[in-house]
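Residue numbering for the sequence shown follows this note's numbering, beginning at 93 and increasing consecutively.
Glycine included, C-beta positions come from ideal geometry on N, C-alpha and C.
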Amino acid sequence: MFLPEKIYEALPATYVMVGSSLVLGAAYIGIDQSLMVGYLAVGLSCILAGVMVAGIRRRERSKEPGIQS
């Protein structure tokens, strides 16, 4: 699957932003609503996915020849 570079590079940040929005949405609707648990679960999953993807990319890029950290 091909994605343009700008979209590919923005995906981890997008995951984190969507996840944060869902977590805030869960807090907004309150604990007495049944959807709150779903919002919270999906939001935390998105945040975790964004952080993991960013970490994997950073680790792989540091292995490339010619790049020193």
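If you draw a 10 Å sphere on the C-beta of residue 104, you find 16 or more other C-beta atoms in it, and that means buried.
With 16 or more neighbouring CB atoms inside 10 Å of its own CB, residue 118 falls in the buried class. When rounded, the separation of the alpha-carbon atoms in residue 150 and residue 144 is 10 Å.
A straight-line Cα-Cα distance of about 33 Å links residue 137 and residue 157. DSSP places residue 104 inside the alpha helix (DSSP H), whose first and last residues are 97-121.
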